[in-house]
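Trainee: The structure's right below; bear with me while I get my questions together.
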Amino acid sequence: MNSMGALREARERALLTQEELAAITGLSVRTVRNLEIKGVDKARPDTRRRLLEALERSPAPEVTPAMTPVPWQLPPAPAHFTGRLEQLSKLRAESARPGGHLVTISGQGGVGKTALALEAGHCLQTCYPDGQLYSDLRGAQGKPIESDEVLGHFLRGLGVRGQDIPRSEAEKSGLFRSLVAGRRLLLVLDNAADEPQVRPLLPGGTTCLVLVTSRSRLAGLDANERIVLGVLSAGEAVELFLKATRQREVGAAVTAAIVDCCDRLPLAVHIASARLVVRPDLAPSTLETMLRDERRRLSELSVGDLAIRSSFLLSYNAMPEAHSAAFRRLATLTTPDFPAWTIAAMLDDGTRRKPDLAAACRIAEELVDAHLLTKLTPDETGQERYRFHDLIRLFGRERSAIEDTPAEAGQAVRRALAGWLTLAERAGEALLAGPAATRPGNAPRWSLANRPGPGTRSGAQHWFDAERNALVSAVYQAIDIDDIELVWALTEAIGIFFQLCSLWNEWIATHQAALLAARKAGHSRATGYLHCSIGHYHAHRVDHRAAAEHYTAAIESTRDNGDRTIEAHARQGMSYLHRIRGQYGLSLREAEFAQHIFSAQGNGHGVALTELGIGIAKTQLGNPRAGCVHLTAATAMFVTAEDLRASAHSRLYFAGCLLELGEHERALAEANRALTALRLTPDRDGQAAGWGMLGRIALAEGRREDGLESLAHAVRMSTERKNELLEGELSVHLGEAYLASGHDSLAEKTLHRAAAIWQKLDLVHRTAAPAAVLPDARRS
């Protein structure tokens, strides 16, 4: 395979694309392409070995229309792997035994856990012909990746299309286990944080080998074998040092002294050997003397040490100015990964032509080729994503501190965060199928020319899924640079996604951090709005006291900032609180108060919201005809504003009024229109309420079977969403339906469930409703 064209012929016989061969060997596509043109005799021995091994294990398969993908996700084997013969022997023996296998590999940082797992994986790959799955769980970094995200990555590797991947972690885990059942697969779960992170990723069958590396011993896992790695033996450490120095002439005594100073820790030995590789002028004896000095040793072995910097500088100094600027500015971002457009944002300093996406992608790919960026698999939207290795990121930050002024570095970060903000707001509008109600504050926005962002509901959902971690990091980095306007705007923009996807932990964490930062900075308006948002969160969770405290704090903030819009939103929230507690008179008063403020300010969206609240309150106070007037007005305002979701909710309440007035046909038409609209949004709570309304109308029209079916479906949806308030309301109606159909035992069970929810939520006034519809003999 030495002649020109031979590599291409061998690759085509194996039915591999250039991209697939590059992925298997760990080479870049550009390298494979060049070797096919120039011939592999120009390649390094290690490169030729990788190519030969890949082509030998890739016989031409029998192609069938329904071929199941065989994933080969394992990174390349470590180049200078040394020793660990006992551990490798254990792993081979474990693989030879019948049944499934779980092996944990634990030890201190830098001891070579990942190297052992990868070496073993490559040695055993013929035993697992159905493929290899790999994920870095990022446990040691303190920000472990969610198991849910890893399962999505594995499922895509196994051929599941993105739109077919379930939403919940439990469903993903179940589908994953179903797909790997009976297949001989090798899984490497690298850098695990703890047992709960690993358990959802474990296959349930008896044909897979799972290698889990972690700094923790993971004692809670039921492992077949536990390997605890210590440092290398003296002989192994010397062998590693000589391999890594490429057999440079180093005296035995000096070598032994250097590896001893390194405590025979593999990472330290690699760093010491790298000093000699990148510094041909550095004598081994000089390095030994430097390392013997205990006052200097940690500095000399530090990953941010000058020797390591020198290695990175060789690549850095060879890059064009735009590339080096992009590299060092990207390194100042705290997000775990990022798409290529961030390069355009960070280079757009206003003094040159605005960089476009194509140029940004070219820079990103060339940074990957220079080993200064790592390319990840495409995200849910299909765009490429990139990340730094930690040492290279530190190097980049150092270069930024040296070459960029604080103002330049700060503005570059702000442009990237402003880019995420702009896209988040556009995606939020697409997700809600309507314009955003408000865009608070005066935060900057940034966008690429002719790149409007995700414009469809599914596109917005995929975008949020892909950018979820980056968006959370953006909030915290905005806090770090004390830009409260960005903090405020980012928190509100991503809150829409977290709310609709029930990611309440992330929602409250970002909002509380933003509130603390706003208060610390003395930003009264941001403080007031964030208090109001957090009040909505507690109201949704039916935590009356906490919600009222935050609403009150929001109202009080207007004394300092004079922004009565904050007060109006807070009173709107108080109106909702009173309504769910059955205090309809107080609810009406607060809604009218809020409407007065919104009207005076010309805030049409606010007026529509208060019309909705007033209509609901008047209906509950026994005047559904008056309620219909206000709800009709609210619906018209939302329709004019093209707010699909809000208009649908308004129609549902209007349908309820019509139902009370006995106008069943009109009520059914409004409910159907509402549910049709809500299906175009990700609002599962709204859809559950829509099915509930259809069920109530069907019962009123005497269609008991239809009513039972719709209400039962609505209750299931609300239960899945863990929306207990909605579940309680729908359960009362379902219990009534069961009772009317003669299913007394089901009625009793369902109504008691509703009563239990009201008690848990401290809604005492509602507990009488379930008992009131039960027969006397079945009351408890």
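By the count of the working numbering, the sequence shown reaches residue 1930 at its end, each step adding exactly one.
Glycine included, every Cβ here is placed at the ideal spot set by N, Cα and C.
(1) Can the beta-carbon of A1580 be found less than 8 Å from the beta-carbon of P1604?
(2) Using C-beta distances below 8 Å, list every residue in its chain close to E1859, excluding the 5 sequence neighbours before and after it, in chain order.
(3) What does a CB cutoff of less than 8 Å around E1516 pick up in its chain, not counting 5 residues either side in sequence?
(4) Taking L1274 as the reference, which of C1358, S1800 and Q1313 has the closest Cα?
(5) By DSSP, does Q1282 sit in helix, in strand, or in coil?
(6) Three or more C-beta pairs closer than 8 Å, one from the region 1366-1376 and one from the region 1242-1259: is that the case here?
(7) Quick one: grab the DSSP three-state call for K1263.
(8) Drop a sphere of 10 angstroms on the beta-carbon of H1688, count the other beta-carbons inside from all chains shown, and report buried for 16 or more, exposed for fewer.
(9) Once you ignore the five residues that flank Q1627 on each side, which residues in its own chain have a CB closer than 8 Å to its CB?
(10) Identify the continuous alpha helix (DSSP H) that holds A1373 and give its terminal residues.
(11) Considering just the uninterrupted stretch of the alpha helix (DSSP H) at S1256, what are its terminal residues?
(12) Touching or not, the region 1764-1771 and the region 1797-1813, by the rule of three or more beta carbon pairs under 8 Å?
(13) Applying the 10 Å Cβ sphere with the 16-neighbour rule, what's the burial state of G1385?
(14) What residue does the alpha helix (DSSP H) around R1721 start on, and which one ends it?
(15) Drop a sphere of 10 angstroms on the beta-carbon of V1378, count the other beta-carbons inside from all chains shown, and report buried for 16 or more, exposed for fewer.
(16) Based on the DSSP secondary-structure assignment, which residues constitute the bridge partners of D1340?
(17) With distance defined between alpha-carbon atoms, name the residue in V1427, T1531 and C1511 nearest to S1608.
(18) Please state whether the Cβ-Cβ distance between G1312 and V1330 is less than 8 Å.
(19) Report yes if the CB atom of G1756 is closer than 8 Å to the CB atom of A1718, and no otherwise.
(20) Compare the C-alpha of M1843 against each of R1288, E1810 and R1198 and name the closest.
(21) On the three-pair Cβ rule with 8 Å, is the region 1891-1904 touching the region 1866-1873?
(22) For A1741, which residues from the same chain have a beta carbon less than 8 Å from its beta carbon, with the 5 sequence-adjacent residues on both sides left out?
(23) Within 10 Å of its beta-carbon, does K1188 have 16 or more other beta-carbons around it, so buried, or fewer, so exposed?
(24) If you follow the beta strand (DSSP E) that T1527 is part of, which residue opens it and which one closes it?
(25) Hey, how far is the Cα of A1156 from the Cα of V1310?
(26) Distance check for D1410 and L1448, CA to CA, integer angstroms please.
(27) Using CA atoms only, rank isn't needed, just tell me which of V1882, G1271 and W1654 is closest to L1361.
(28) I'd like the list of long-range same chain contacts for H1686, defined as Cβ closer than 7 Å, with 5 residues on each side in sequence excluded.
(29) With a cut-off of 8 Å, do at least 3 Cβ pairs link the region 1809-1828 to the region 1773-1789?
(30) Using only the alpha-carbon positions, how far apart do R1158 and R1543 sit?
(31) V1378 bridges to which residues according to DSSP?
(32) State the CB to CB distance for the pair A1620 and V1637, rounded to an integer number of angstroms; the pair is presumed to be in contact (CB under 8 Å).
(33) Are A1667 and I1716 closer than 8 Å when you measure CB to CB?
(34) Give the C-beta separation of P1350 and L1301 to the nearest angstrom, bearing in mind that I take them to be a contact with Cβ-Cβ under 8 Å.
(35) Unbroken beta strand (DSSP E) runs of length 3 or more, entirely within the region 1294-1374: which are they?
(36) Give a yes or no on whether the C-beta atoms belonging to A1758 and F1788 are separated by under 8 Å.
Mentor: If we stick to the structure as given:
(1) yes
(2) G1845
(3) M1469 and H1473
(4) C1358
(5) strand
(6) yes
(7) helix
(8) buried
(9) L1483, T1484, T1485, V1563 and L1567
(10) Where A1373 is concerned, there is no enclosing alpha helix (DSSP H), given that its DSSP letter is neither H nor E.
(11) Where S1256 is concerned, there is no enclosing alpha helix (DSSP H), although the beta strand (DSSP E) it sits in stretches over H1251 to S1256.
(12) yes
(13) exposed
(14) R1714 to I1730
(15) exposed
(16) D1286
(17) T1531
(18) no
(19) yes
(20) E1810
(21) no
(22) R1721, Q1722, S1725, T1760, G1763, I1764 and A1767
(23) exposed
(24) Here T1527 belongs to no beta strand (DSSP E), and DSSP marks it neither H nor E.
(25) 35 Å
(26) Residue placement at L1448 is poorly supported in this model, since its pLDDT is 48, which falls under 50; the coordinates are not used for a value here.
(27) G1271
(28) G1723
(29) yes
(30) 36 Å
(31) S1256
(32) Not a contact, Cβ separation roughly 15 Å.
(33) no
(34) 6 Å
(35) 1336-1342 and 1359-1364
(36) yes
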